[in-house]
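Participant: Please read through the structure below; I'll follow up with questions.
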Amino acid sequence: MLGGNRNKNYYNKYYSKEEINRKIERNEVCKGKLQHKNKEWFIINNFDEKIYIKTDKERNRSLKGDTVIVEKYSDNKSGRVVYIEKQEHKDKTFEGKLIKDQKNNKTLIFRPDDRDVPQIRILINNIPSEILCVFLCSEKNKYLAKITEWGESYKNPLGKLIKCVNNNNKYSINSKFKNSYYYEEYYSKEKVNNGLNEKKYFKGKLSIKDEFKETNSTVKIDNTDDIIYIKSEKDRNRGLNGDEVFIELLNNDNDEETGKIVYIEKPSYKDKEIKGRMSIGKNENDNETLYLIPRDKKLPRININIKTIPNNILNINDLKNNKEKYKKINFITKIKQWNENDRVPVGDLIKIDSFFEKYYSKKFVDENIEKKKLFKGKVEILPNNNFECNVILDHTKEKIIIEDKKYLNRAMDGDNVVVEIMNNDNSTENKKGKIVYLNYDECFYNKSELRGTINYFPNKNLIEFYPVDKRIPKINIPSEDIPKEIIDLNQFNENSDIKNNYFLAKVTEYNYLYYNPKGLLIKKLEEEINNDNNNINNENWYYEKYITEEEVEKGLNDGTLLEGQIRISDNSTDSYVTVLGMESDIRITSVKFRNRALDRETVIIKILEGKEKESAESSIQRKKDENKLKDEESYLLLGTKGVKLNNYIKKRGN
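Per numbering that gives the first Met the number 0, the sequence shown runs over residues 0 to 653.
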């Protein structure tokens, strides 16, 4: 009575619908609903007789409740499923736990709470990152899953995860089986709009004072001067600095009006790219978790899905074994989800945040020089200004402007480089470019010893070397690389001679990932620094000497100094420092006041007022007058080349 061909699959193929109809007419099969009682699987046929299906192979991918067609064996008491007429499980979801698949690292096993349902294989690549992140944090959570495919070759079905559930069957990314969400669910758009018209809710802009973890935030109500205070992280409800939010006032006895955020029309965390460093920590379940700690302190840390990180971006074992190395490397992540039960958002790691571009390959460079798409030249950086620089092309002597240190791409004054022109459109505008290749064997920093001063930062395990030639960036020297015969770091803070001496150093590495090069301290020079030169009024030093770390800490604590990020304008003269908590940026009006800071560096600034401001501005004006006179003398010496001298002087004066 048995039909169908045996094959290498785990299960037999189902009969076709036409064959089933013929067998029903010949009374060779019977139909019934699959049942499971007292450890026995069976159907009841039209004669109220039980037909037993004894093994999982004979049940042939059918589940309890399915309407099946059974082909009987010769004993007429048992048989096998040859067709499923109605699959009750097809659209059904099952609750259960996830476990690791010990035989396959590409799948996880979903074990349903209903023991009548077989284990379901889940492909890791098909698991949403926010759900996979929960599993990696804790294997105690429960999930909903459904069967998507169950072919003859699979002993167990394939499926997909729907969501993570807590005890109330409410989905959660970082669920800890609490009875309520960490954050309150947002109100509906219709509800907040109606409440806005009825003056029950108010709309405004969220401002986070200093750091995300701080609890004192404010919302300035639109078209008014009213300020509403948000006193807790939960009441801030996933709002970020600058978000347009809807708030509901809270009843309180305080003088300050307080409220909570109930809706954000366009949350800025959605698809937001965030820069920061990586950190491995423990979550509340004491499981190892990977976080991105944002550079912007007004942003929360981001829970990173370890399984989705490409090896070419980050090697987890390398991060564990070289934590000091990764303190200096920034990454970019994108927030994917931030649900009510997620105290912090979940994101994917996208790429390394490199300040410079990688150099083109030698082969690519040679090919494109032949095609006249890339050009050889020599770097020319003007003294005392690291941003006014050009590349002088070898053959035409044409100047290509390099506008930004990023485009200077680690090259130094005098280096032979290859440049790519960025605005090569035959316009009359000066050509601008970026350096795309540098010969390491011939470059400046590979053969030059530099003279400069140093400062030691014990908490960073680092010495910073400040070259006298201001065209060269500061150099980071790991303290473990400092020979004791040059400096005994244990005596550094007590030995004033060290801070007041010049040293020789050289650059050993300038990686595209790092803003500043790494170097080596060669020797201490007997030449001492004249401390009188540190005064801003003294013309022998163009820049002011940096203050000590102790002075920085004291100034930040008493409010006389501020910390922020500097941005340098296109003309390289005006700069702006963004200070956390201040509504407007602070303008730095001269290269001298910028004091060697480079674009996007974190800087410590002091606001000049009164006589100190007047004295500093007077010093700068005298320097400008000096330079103007030198320009005029140089012009007289070199000739006017057909231009009237008076016109030239007048132009320079303007």
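Yeah, the Cβ is synthetic: ideal placement off N, Cα and C, and Gly gets one too.
Can you list, in chain order, the residues of its chain whose CB lies under 6 Å from that of T452, leaving out five sequence neighbours each side?
Facilitator: Y465
Participant: Report all residues from its chain with a CB closer than 7 Å to the CB of S152; omit the five preceding and five following residues, and keep chain order.
Facilitator: N8, Y9
Participant: Grouping DSSP H, G and I as helix and E and B as strand, with all else coil, what is N590?
Facilitator: Here residue 590 is Val; the residue named in the question, Asn, does not match the sequence. Of the three classes helix, strand and coil, the one that applies to V590 here is helix, per DSSP.
Participant: Cα separation between T288 and E272?
Facilitator: 20 Å
Participant: Find the nearest neighbour of I229 within the set V578, G203, T223, judged by alpha-carbon distance.
Facilitator: G203
Participant: Using DSSP's beta-bridge definition, name the partner residues of D561.
Facilitator: In the sequence under discussion, the amino acid at residue 561 is Leu, which differs from the Asp named in the question. For L561, which the question treats as bridged, DSSP gives the partners I604.
Participant: In the DSSP assignment, find the beta strand (DSSP E) that holds F245 and state where it starts and stops.
Facilitator: 243-248
Participant: Since E247 and Y182 should fall inside the 8 Å C-beta cutoff, what is the C-beta to C-beta distance between them, to a whole number of angstroms?
Facilitator: Rounded, the Cβ-Cβ distance is 14 Å, inconsistent with contact.
Participant: Let's test the definition: count the other Cβ atoms within 10 Å of the Cβ of S174 and tell me whether it reaches 16, buried, or not, exposed.
Facilitator: Summary for S174: the model assigns pLDDT 41, below 50, so the residue's position carries little reliability; its value from the coordinates is reported in the next sentence. With 16 or more other CB atoms across the displayed protein chains lying within 10 angstroms of its CB, S174 is buried.
Participant: Pairs of beta-carbons, one from the segment 32-49 and one from the segment 10-17, closer than 8 Å: are there three or more?
Facilitator: Too few Cβ pairs lie closer than 8 Å, so no.
Participant: Decide if I23 is buried, meaning its Cβ has at least 16 other Cβ atoms within 10 Å, or exposed.
Facilitator: exposed
Participant: To which residues does DSSP link E508 through a beta bridge?
Facilitator: According to DSSP, E508 bridges with K517.
Participant: If you reduce the DSSP assignment to three classes, tell me which class V390 lands in.
Facilitator: strand
Participant: Taking 7 Å as the cut-off, decide whether the C-beta atoms of I334 and Y268 are in contact.
Facilitator: yes
Participant: Should L62 and I121 be called a contact, given that it needs their Cβ atoms to be closer than 7 Å?
Facilitator: Contact check for L62 against I121 fails: the beta carbons are separated by 7 Å or more.
Participant: Which residues in the same chain have their Cβ closer than 7 Å to the Cβ of D584, if we skip the five residues on either side of it in sequence?
Facilitator: Y575, V576, T577
Participant: Considering G194, what are the terminal residues of the beta strand (DSSP E) in which it resides?
Facilitator: Per DSSP, G194 belongs to no beta strand (DSSP E); it is in the alpha helix (DSSP H), 188-196.
Participant: So, Y358 versus Y436, is the Cβ gap smaller than 7 Å?
Facilitator: yes
Participant: Give every residue of the same chain whose Cβ lies closer than 6 Å to the Cβ of I587, excluding the five residues on either side of it in the sequence, and list them in chain order.
Facilitator: S574, R593
Participant: Please confirm if the segment 92-106 is in contact with the segment 68-83, defined as three or more CB-CB distances below 8 Å between the two stretches.
Facilitator: no
Participant: Evaluate contact between the segment 316-325 and the segment 481-488, counting only Cβ atoms and requiring at least three cross-stretch pairs below 8 Å.
Facilitator: Too few Cβ pairs lie closer than 8 Å, so no.
Participant: Relative to the C-alpha of R114, which residue among N192, I126, E148, H35 is closest?
Facilitator: The candidate whose alpha carbon is nearest that of R114 is H35.
Participant: With burial defined as no fewer than 16 other Cβ atoms inside 10 Å of the residue's Cβ, what is the status of I462: buried or exposed?
Facilitator: With 16 or more Cβ atoms within 10 Å of its Cβ, I462 is classed as buried.
Participant: Please list, in chain order, all residues of the same chain as K105 whose beta carbon is under 7 Å from its beta carbon, the five residues on each side excluded.
Facilitator: L122, I123
Participant: Hey, quick one: how far does the alpha helix (DSSP H) through E210 stretch, first residue to last?
Facilitator: E210 -> no alpha helix (DSSP H), and no H or E assigned at all.
Participant: How many Å lie between N340 and K154 at the Cα?
Facilitator: 36 Å
Participant: According to the Cβ coordinates, are V506 and Y444 closer than 7 Å?
Facilitator: yes
Participant: Grab me the residues of E264's own chain with a C-beta within less than 7 Å of its C-beta, minus the 5 sequence neighbours each way, in chain order.
Facilitator: Residues E243 of the same chain have their beta carbon placed closer than 7 Å to that of E264, with the five preceding and five following residues left out of the count.
Participant: Going by DSSP, what residues sit across from G432 in a beta bridge?
Facilitator: I420
Participant: Using the Cβ count rule (16 or more neighbours within 10 Å means buried), how would you classify D221?
Facilitator: exposed
Participant: If you drop the 5 nearest sequence neighbours on each side, which residues of the same chain put their C-beta closer than 6 Å to that of I207?
Facilitator: S216, N240, K297
Participant: Over what stretch of residues does the alpha helix (DSSP H) that includes K32 continue unbroken?
Facilitator: Not the alpha helix (DSSP H): K32 falls in the beta strand (DSSP E), residues 28-32.
Participant: In whole angstroms, give me the CA-to-CA distance for N304 and K362.
Facilitator: For the pair N304 and K362, the Cα-to-Cα distance works out to about 37 Å.
Participant: Using 10 angstroms around the beta-carbon of V467, count the other beta-carbons present and answer buried if the total reaches 16, otherwise exposed.
Facilitator: exposed
Participant: Counting C-beta neighbours from all protein chains within 10 Å, is the total for L266 16 or more, i.e. buried, or is it exposed?
Facilitator: It should be pointed out that residue 266 corresponds to Pro in this sequence rather than to Leu. Buried, by the Cβ-count rule.
Participant: Helix, strand or coil for V467? Go by DSSP, reduced to three states.
Facilitator: Note: V467 maps to coil in three-state DSSP.
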